[in-house]
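Novice:
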Amino acid sequence: MDAIEPKPIVRCERCDRETDEYVVNLTPDNITSFICWTCQERDDKNYTMKPSFRRERSGGRYLPKSPKLD
-14 MDAIEPKPIV RCERCDRETD EYVVNLTPDN ITSFICWTCQ ERDDKNYTMK
36 PSFRRERSGG RYLPKSPKLD
């Protein structure tokens, strides 16, 4: 049985991350584009926030109140 050769590492066109887990898209003009699985998954879910998005203003809003000690 032949050994499977690993895919070459490429740079994602959306997030500029180097990865070996990617999808190759071919346009009608014969232009290939490489998109990593994370960006493709975000696109499939129509999730438009940045990957670094955080809810900084609501940080303490969801913390439980400490019980009062008498």
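In terms of the numbering used here, the sequence shown is residues -14 to 55.
For each residue, glycine too, the CB sits at the ideal point set by N, CA and C.
May I ask which residues mark the beginning and end of the beta strand (DSSP E) holding C(-3)?
Specialist: Stepping through the sequence shown from its first residue, residue -3 is reached at position 12. Segment: none, C(-3) is in no beta strand (DSSP E) and carries neither H nor E.
Novice: Return the Cβ separation of V9 and T17 in integer angstroms, given the expectation that the two are a contact with Cβ distance under 8 Å.
Specialist: If you number the sequence shown from 1, residue 9 lands on position 24. If you number the sequence shown from 1, residue 17 lands on position 32. Right, the Cβ-Cβ distance comes to about 6 Å (below 8 Å), so this counts as a contact.
Novice: Going by beta carbon distance, what residues of the same chain come within less than 7 Å of I20, once the five residues before and after it are set aside?
Specialist: On the sequence shown, residue 20 is found 35 positions in, with the first residue counted as 1. Hits under 7 Å: C(-3), E(-2), R(-1), Y7, V8 and N10.
Novice: Return the CA-CA distance between K30 and I(-11), expressed in angstroms with no decimal places.
Specialist: Within the sequence shown, the letter at position 45 stands for residue 30. Within the sequence shown, the letter at position 4 stands for residue -11. Cα to Cα, the separation comes out at about 31 Å.
Novice: Using 8 Å for Cβ pairs, my map puts D1 next to K(-8). What's the rounded Cβ distance?
Specialist: Residue 1 sits at position 16 when you count from the first residue of the sequence shown. Residue -8 sits at position 7 when you count from the first residue of the sequence shown. Actually they do not touch by this definition, with Cβ atoms about 18 Å apart.
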